[in-house]
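In what follows, a single structure is set out as structure tokens and then discussed.
Residue numbers (this note's numbering), protein chains in the order written: chain A, 1 to 373; chain B, 1001 to 1373.
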């Protein structure tokens, strides 16, 4: 998800990264190095040396692989998405920024090839995803410390595994942690076609919640509406439609929402608040409009509306790895039951990353770019 | 406190009002009536028949007094303040609006003259204040139902009793109900010279909390600063000063606030949020700037800031009369210990109400107008 404004520098990465050796910080004697023309090339990675336009600063480089230490895991990456937060991190506009140079990508799924002698949690053949952001997933292979990885079932679709660790987790936690919702209750969200938005629609439907999904108007709005309704959306309205009195008709059939999920900010957030039931909560997890939240004083006072924020990285800091694992397994249950699918994806081979980066930054993107290795 | 924007019509008044008979709704055979020239005049009251500029729509009228029914209390009003919320209610810009015509004023203290045969809670000589807004306190005498009144100790200063039921209650609840503060913690607020603001300074100081008090710049700023510091303010800064880097110096001596109290909105609210410690809460209870709250998306997400609202009327709906009585007694303890005084007041006889109304609506009012009967 995209987030504007102030940036907090990453204090500690998820775990030591051994696949890429940045300017400093590699441990042990077998540190790797990267070069534009290693011979023979063993690992390829999308690397950026400074923040800026991803199309300009990201380069495909050959790297040497670090030796596998006792607590390390050698992983062959299978697929890794390009998320808005990856783009923002490269641009330098994100709450976590890695030391440079860095390998791009914070999500993805890999298969374990080999493990160090002290590794007990995973074995060759297992599928793993990053336990935290900052790992650098846009590469063919890497050696990570065991604690930087978390196992996922290998019987779920590859695209689901590659996109499991951020957006569906964010969607589920926002639905569960702010209001005590019951089946039949409603939820309103904007940016409903985003990765989080699509996960919200599906998970909410699986929980018996009715979603009101706000999207930007566009030429193929009916196609988008149909697609979101196929996912389980109860209502799909445009930002403009949200401001029309006809919205009241929706609430003849379903209750006013006690939860609003805001990834846009600006006017869109003002309108989401207007739709909330008294005592309801708006949770902000992104600011795609690059504008602040604008909230009516009288609604906050007289309707007791609450404004909160959600950031999965903070949730993970505040919870144990076992709790994160439990969250992932809950989501895999939805996947196994056919209730949660990956967002519409376009798989692009790693070497065609320029095309994938450009496609991911176009407005009205309806297809997530997934790099395959 | 002043509140802009949407208005919710009062569903039920605090209790039947017998002193003034509006267009309908009086019970019993002894309903009162009002006229511009009753003969002989027994009761005088400040009445408005429609919403508008208080200086134009409020009139001093003579009224007849209702008979005292079994559950009624005959009260001689002693003193009643002119609060911003009274002005907004007359203007029609408030969350509760009485049926018209109505007697102005929502706060004040009166002395019981006589009680009906079923009244057990108060006796002649007792001091009483309204249990809820909407009672109409700007009058010399009235007959109220017992349930519309609440007793207060008669050994506190008259001005304290007349201003006890709204602002200090709001200040105390906001300090207690949103963040678990400990002695040494800090609180930041704007509109610090308001009735609530002055109560916040004093109650916070009594609780060992350090207040950072934001005020609008003005010619006599040093005089105001001295006055607020005499009340217990730790720091007094102007709105402009709040935006200067020197603010950081304050936080070398005291911790960043986990609680911000916002009665202004607009840019002032944006700045209050910037000063909050991670995880902190901004509670909005007014919107003097007549502008919405503008909140940085990244602060809400990455610093987990929370935005809430507080409205004493809602708190009272959600709590019992005994809980309100307990709150008043807690505040009276502060008063008895010399830790809570009434805001600077100017006492004005009821017949000079025009002067008092005008003074209460001037910018930079540093003295609360109190009507005496």
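Yeah, the Cβ is synthetic: ideal placement off N, Cα and C, and Gly gets one too. In this text the structure is predicted, and so the values were computed from the model without any measurement.
- For the stretch 1280-1295 of chain B, the beta-carbon criterion of a distance under 7 Å to any beta-carbon of chain A is satisfied by 1284, 1285, 1287, 1292, 1293, 1294, 1295.
- Assigned with DSSP and collapsed to three states, residue 1225 of chain B falls in helix.
- Going by DSSP, residue 1211 of chain B is part of no alpha helix (DSSP H) but of the beta strand (DSSP E) stretching over 1210-1215.
- Contact annotation: in the stretch 162-187 of chain A, no residue has its CB less than 7 Å from a CB in chain B.
- With a cut-off of 8 Å on Cβ pairs, the stretch 1353-1360 of chain B is in contact with the stretch 1052-1068 of chain B, counting three or more such pairs.
- If you draw a straight line from the Cα of residue 1108 of chain B to the Cα of residue 1121 of chain B, it is about 19 Å long.
- Within chain A, no residue has its CB atom less than 7 Å from the CB of residue 1189 of chain B, the nearest being about 15 Å off.
- The DSSP assignment places 235-238, 259-262, 281-284, 291-295 as complete runs of the beta strand (DSSP E) inside the stretch 226-304 of chain A, in order along the chain (cut-off: 3 residues).
- Secondary structure note for residue 1334 of chain B: its alpha helix (DSSP H) is the uninterrupted segment 1321-1336.
- Beta-bridge partners assigned by DSSP to residue 1150 of chain B: B/1129.
- Closest in C-alpha terms to residue 199 of chain A, from the list A/369, A/238, A/334, A/223, comes A/334.
- The DSSP-derived three-state label of residue 1113 of chain B is strand.
- The shortest C-alpha to C-alpha distance from residue 1197 of chain B to any of B/1101, B/1067, B/1342 is the one to B/1342.
- For residue 1124 of chain B, the three-state secondary structure derived from DSSP is coil.
- DSSP, read as helix, strand or coil, puts residue 102 of chain A in strand.
- Out of A/110, A/141, A/234, A/86, the CA that lies nearest to the CA of residue 66 of chain A is found in A/141.
- Per the DSSP secondary-structure output, residue 72 of chain A pairs in a beta bridge with A/145.
- The alpha carbon of residue 1060 of chain B has as its nearest neighbour, out of B/1206, B/1349, B/1250, B/1287, the alpha carbon of B/1349.
- Excluding five sequence positions before and after residue 234 of chain A, the CB atoms of its chain that fall closer than 6 Å to its own CB belong to 210, 211, given in chain order.
- For residue 1355 of chain B, the enclosing alpha helix (DSSP H) covers residues 1353-1361.
- Taking the Cα positions, residue 83 of chain A is about 22 Å away from residue 1303 of chain B.
- By the criterion of a C-beta distance shorter than 8 Å, residue 1075 of chain B is surrounded in its chain by 1110, 1111, 1112, 1113, 1128, 1141, 1142, 1143, 1144, 1149, once the five residues flanking it on both sides are discounted.
- By the CB criterion at 8 Å, residue 1174 of chain B and residue 1261 of chain B fall inside the cutoff.
- When the beta-carbon positions are compared, residue 1162 of chain B and residue 1370 of chain B come within less than 8 Å of each other.
- Taking 7 Å as the cut-off between beta carbons, none of the residues of the stretch 1216-1240 of chain B comes near chain A.
- For the 8 Å CB-CB criterion, residue 172 of chain A and residue 331 of chain A form a contact.
- Of the candidates A/194, A/205, A/202, A/208, the residue whose Cα lies closest to the Cα of residue 214 of chain A is A/194.
- Around residue 266 of chain A, the same chain offers 289, 291 as residues with beta carbons nearer than 6 Å, after the five sequence neighbours per side are excluded.
- Per DSSP, residue 1346 of chain B is one residue of the beta strand (DSSP E) stretching across 1345-1349.
- Across the structure, residue 237 of chain A and residue 229 of chain A are spaced so that their CA atoms are roughly 11 Å apart.
- For residue 1089 of chain B, the enclosing alpha helix (DSSP H) starts and ends at 1084-1091.
- Annotation for residue 1045 of chain B: the continuous beta strand (DSSP E) segment containing it runs 1043-1048.
- Considering only A/300, A/243, A/308, the residue with the shortest C-alpha distance to residue 285 of chain A is A/308.
- DSSP places residue 1079 of chain B in the strand class (E or B) of the three-state scheme.
- Residue burial annotation: residue 1177 of chain B is exposed, with fewer than 16 other C-beta atoms found within 10 angstroms of its C-beta.
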